[in-house]
Amino acid sequence: MTTEIIIQSLVSGLLTGLIYALIAVGLSLIFGLMDVVNFAHGEFLMIAMYATFGLALGVALDPILSAPLVAALLFSFGALVYVGIVRYAMRAKANLGMVQIFATFGLAIVMRGLAQLFFTPDYRSISNTWTGGKTLELGGIFLPMPQLVGAMISIFAFVALFFLIKRTDFGKALEATREDAGAVALVGINKNHMFTLGWGLGASLVGLAGAVMATFFYIYPDVGASFALISYVTVALGGFGSVFGALVAGIIVGLIEAITAMLVPPALKSVGIYALYLGVVFLRPRGLFGSL
Amino acid sequence: MSRNPRQRELITLAVVAAALAALPLFVKDVYLQNVLILTLMYAALSQSWNILGGYCGQISLGHALYFGIGAYVSTILFTKFGIVPWFGMVVSGGLAALMALILGYPCFRLRGHYFTIATIVIAETAYLLFLNWDWVGAALGIQITMRGDNWLNFQFARNKLPYFYFVLVFACVTWLVTWIIEGSKWGYWWRAIKDNPEAAESLGVDVFNSKMAAAAVSAFFTAVGGSFYAQFVSYIDPESVMSFQFSLLMALPAVLGGIGTLWGPALGAAILIPLTEFTRSYFGGSGKGTDLIIYGVLIMIIALARPEGLVSLFSRRASKQAAP
């Protein structure tokens, strides 16, 4: 194995990792805000990918252009899911955690069923995208364009998210609500309002990730399941609720996956991620940056 | 009758078991018998899950690992070494319990979602390893060789009734074990841990060892179920006995029926499994996902409308148990 190959896989691991971080951060955001784990997170990704596919097929919009549209679409969807389902799940007087898990899990199954019904179980992909099939050569290292652009979008999204959380009134209200959802009413913040917007924001981030994924991955009803587990591991590794943790953990997961794939048969590449997760939480039971 | 509630529970079990035992006299259809067998199997598996997840409050979504150990150990002993499945069943149960203790040692330091994700990740690792391990058939799985229909081999190619009676006994045993635990100091300790681990610890409950005990008992019976399933379907592969889907299917009946209750898992299984099977056979063949939609909507409705589980519909006592 030459140095070049090693650098090559580490760089693609880094790109993949940035995209994993983008997929996972919405999950972490929602959890940080209100302690709810969305078990339909993978299915949010799936509909975002289908939305991108639909826009490409219907109005010939390239995924890079449709990304903001898909994010907006997912924002409304996320807000709707909170208002229509999660709000009620949070009112449960018994087994609160299980009710949230299974209410969102039920939603995940329904979404998969609907996707099968309307889009059939066929594997689809978007052909002739701007980035598809292109590579960028940098000193002997070949970077696949779809992943490269995806990673850039992810970095951009994280910068925007940090700015939103740290520098705007909305971000401050979000932080305050996550600190103490009861007390914010005293300063005139409507908790339900914040939760709705939080779900919208979390979903819009996964919407962005869906548009990115659609440029280089197959689209099918069960596609979310493969990435949901990686998202949960990423979020837990970074520490539930930590946006910065999700970014760091995403990158680490991408790199570890690339390194594992060099050492063992590619079919076992996830084992490295799982071992890493276990190693980290056994030493730090709240993940790398978790405070909850 | 002025018996105490615990004795009444026993009498209820006896009546239900007797009624179920007589059921094959009326149900001759093989398909329906299959559904009955699966329902009882999930009732037993979910009861095993309930011991750790419901009573002790440690939500595992990795029980497919123990189920897989049960299926693979008895099958390998039977197909490769000619050892009767009964022996394999007990050995795999012991192995799964041992495994639960080894894994529990580091995992029980973890709380909440960190624990649940650790269980998923461990089971998924085992699944990937089995999927690529040639000696156990890798992705192709293992076809169990037919050595003739008898109880010693626990093989019955045509007549499904022996499986039915075995799984009925199995479900009753897991129920009885849970019943005994409920009345013992362990039952009180586990529920104390579920409600408030710090408070339990300060009152002298050995939290760590209590969780370990619950995990071992739970894993043992889950593996027994795995061995049974392997004999029943006579073909296993990682997808069908170790996938994440299985872990969810074991937890679901208990959650829908009533987590941490004696009758929750059985009630949940009695509704969920026939519904799954019937929707699958009516709608599933078309590949249109209608079965998934019905199934998912049902899960959502029950989770939202009956957070204490369906047992709360039947008795006031049960609903009190579910919401301590």
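As they're listed, the protein sequences go chains R and A. Sequential numbering from 1 applies to the first sequence in this note's numbering. Sequential numbering from 1001 applies to the second sequence in this note's numbering. By construction, the Cβ of each residue, glycine as well, lies at the ideal position given by its N, Cα and C atoms. Since this is a predicted model, take the numbers as computed values, not measurements.
Within 8 Å, strictly: CB atoms of residue i and residue j
{"i": "ARG178 (chain R)", "j": "GLY32 (chain R)", "result": "yes"}
{"i": "PRO221 (chain R)", "j": "ALA115 (chain R)", "result": "yes"}
{"i": "ALA1044 (chain A)", "j": "PHE1170 (chain A)", "result": "yes"}
{"i": "MET1242 (chain A)", "j": "ALA1123 (chain A)", "result": "yes"}
{"i": "THR260 (chain R)", "j": "GLY272 (chain R)", "result": "yes"}
{"i": "PHE217 (chain R)", "j": "GLY42 (chain R)", "result": "no"}
{"i": "GLY1268 (chain A)", "j": "GLY1070 (chain A)", "result": "no"}
{"i": "GLY1260 (chain A)", "j": "TYR1055 (chain A)", "result": "yes"}
{"i": "LEU1129 (chain A)", "j": "ALA267 (chain R)", "result": "no"}
{"i": "LEU18 (chain R)", "j": "ILE256 (chain R)", "result": "no"}
{"i": "ALA1254 (chain A)", "j": "GLY1264 (chain A)", "result": "yes"}
Chain A within 8 Å of residue i, Cβ atoms only
{"i": "ASN302 (chain R)", "result": "This structure leaves residue 302 (chain R) out entirely; chain R is present only between 1 and 292."}
{"i": "LEU117 (chain R)", "result": "yes"}
{"i": "ARG178 (chain R)", "result": "no"}
{"i": "PHE77 (chain R)", "result": "no"}
{"i": "LYS172 (chain R)", "result": "no"}
{"i": "ASN38 (chain R)", "result": "no"}
{"i": "VAL281 (chain R)", "result": "yes"}
Where residue i sits in the DSSP three-state scheme
{"i": "GLU1277 (chain A)", "result": "helix"}
{"i": "LEU1065 (chain A)", "result": "helix"}
{"i": "PHE119 (chain R)", "result": "helix"}
{"i": "PRO144 (chain R)", "result": "strand"}
{"i": "ASN1209 (chain A)", "result": "helix"}
{"i": "LEU22 (chain R)", "result": "helix"}
{"i": "ALA74 (chain R)", "result": "Checking the displayed sequence, the identity of residue 74 (chain R) turns out to be Leu instead of Ala. Correct three-state label for LEU74 (chain R): helix."}
{"i": "GLN1058 (chain A)", "result": "coil"}
{"i": "GLU1308 (chain A)", "result": "coil"}
{"i": "LEU136 (chain R)", "result": "strand"}
{"i": "ILE1236 (chain A)", "result": "strand"}
{"i": "ILE1102 (chain A)", "result": "helix"}
{"i": "ASN1150 (chain A)", "result": "strand"}
{"i": "ARG284 (chain R)", "result": "coil"}
CA-to-CA distance, residue j to residue i, given in whole angstroms
{"i": "SER204 (chain R)", "j": "ALA72 (chain R)", "result": "6 Å"}
{"i": "PHE53 (chain R)", "j": "MET145 (chain R)", "result": "18 Å"}
{"i": "VAL1084 (chain A)", "j": "ALA1230 (chain A)", "result": "13 Å"}
{"i": "PHE156 (chain R)", "j": "GLY254 (chain R)", "result": "18 Å"}
{"i": "LEU174 (chain R)", "j": "MET194 (chain R)", "result": "6 Å"}
{"i": "VAL243 (chain R)", "j": "ALA176 (chain R)", "result": "15 Å"}
{"i": "ARG1111 (chain A)", "j": "GLN1058 (chain A)", "result": "8 Å"}
{"i": "VAL1177 (chain A)", "j": "LEU1010 (chain A)", "result": "12 Å"}
{"i": "VAL1297 (chain A)", "j": "LEU74 (chain R)", "result": "21 Å"}
{"i": "LEU1310 (chain A)", "j": "ALA103 (chain R)", "result": "15 Å"}
{"i": "ALA1303 (chain A)", "j": "ILE1294 (chain A)", "result": "14 Å"}
{"i": "VAL59 (chain R)", "j": "ALA51 (chain R)", "result": "12 Å"}
{"i": "ARG1006 (chain A)", "j": "GLY1187 (chain A)", "result": "13 Å"}
{"i": "PHE1228 (chain A)", "j": "ALA225 (chain R)", "result": "29 Å"}
{"i": "ASN1004 (chain A)", "j": "LYS93 (chain R)", "result": "28 Å"}
6 Å CB neighbourhood of residue i in its chain, flanking five on each side removed
{"i": "PRO1162 (chain A)", "result": "PHE1156"}
{"i": "TYR1066 (chain A)", "result": "ALA1096, ALA1219, THR1222 and ALA1223"}
{"i": "MET49 (chain R)", "result": "GLY210, MET213, ALA214 and ILE219"}
{"i": "SER1048 (chain A)", "result": "THR1174, SER1218, PHE1221 and THR1222"}
{"i": "GLN100 (chain R)", "result": "VAL36 and ALA89"}
CB contact below 8 Å: residue i versus chain R
{"i": "TYR1031 (chain A)", "result": "no"}
{"i": "THR1276 (chain A)", "result": "no"}
{"i": "MET1146 (chain A)", "result": "no"}
{"i": "LYS1288 (chain A)", "result": "yes"}
{"i": "ASN1004 (chain A)", "result": "no"}
{"i": "LEU1101 (chain A)", "result": "no"}
{"i": "ALA1322 (chain A)", "result": "Here ALA1322 (chain A) scores only 46 on pLDDT, less than 50, and its place in the model should not be relied on; the value that follows carries that caveat. Cβ-Cβ to chain R under 8 Å: yes for ALA1322 (chain A)."}
{"i": "GLY1268 (chain A)", "result": "no"}
{"i": "GLY1296 (chain A)", "result": "yes"}
{"i": "ALA1318 (chain A)", "result": "For ALA1318 (chain A), the predicted structure reports a pLDDT of 44, less than 50, and the residue's modelled location is therefore unreliable. A value from the coordinates is still provided. So, not an interface residue."}
Other residues of its chain near residue i: CB distance less than 7 Å, five sequence neighbours each side excluded
{"i": "ALA246 (chain R)", "result": "ALA21, ALA24, VAL25, SER28, THR234, VAL235 and GLY238"}
{"i": "PRO1324 (chain A)", "result": "In this prediction, PRO1324 (chain A) has a pLDDT of 42, which is less than 50 and means its spatial position is unreliable; what the coordinates show is noted afterwards. Taken in chain order, the residues that qualify are ARG1191 and ASP1195."}
{"i": "LEU1248 (chain A)", "result": "LEU1061"}
{"i": "TRP130 (chain R)", "result": "ASP62 and ILE64"}
Contacting residues, own chain, Cβ-Cβ under 8 Å from residue i (five flanking each side not counted)
{"i": "PHE282 (chain R)", "result": "none"}
{"i": "LEU15 (chain R)", "result": "LEU143, PRO144, GLN147, LEU148, GLY150, ALA151 and GLY254"}
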